[in-house]
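Residue 14 is where the sequence shown starts when you use my numbering, and the numbers rise one by one after that.
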Amino acid sequence: MTNLSPTDLVGALAALCSMASFVPQIAKIWREKDATSVSLRMYVVTVTGFMLWVGYGVLIESWPIAASNTVCLVFSGAILALKWRFRENRA
């Protein structure tokens, strides 16, 4: 196992916090079966941003950037999917 530099440690902790930040929102939506308070526009922009980050990470061959942003993309995409699933006025 390699030793993490202080810079790598800060980056890893930042990535973990970013990835974990979506979990409470996903849990709340799932538990309440309600996503009316979730901003559709905000999550469309967020998902778009994460897609770009993943692409950037791949292009510069930075696998930590690509991997962490892929996880964030999946979680933010899950919130968008839940927003759709629990939308109002479903027929």
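The beta-carbon is built from N, C-alpha and C at its ideal position, and this holds for glycine as well. Predicted model only: the values in this text are computed from it and were never measured.
Boundaries of the alpha helix (DSSP H) around D21: 19–33. A straight-line Cα-Cα distance of about 7 Å links L93 and L53. Rounded to whole angstroms, the gap between the alpha carbons of L95 and M55 is 14 Å. Taking all protein chains in view, the Cβ of I73 is surrounded by fewer than 16 other Cβ atoms within 10 Å, so the residue is classified as exposed.
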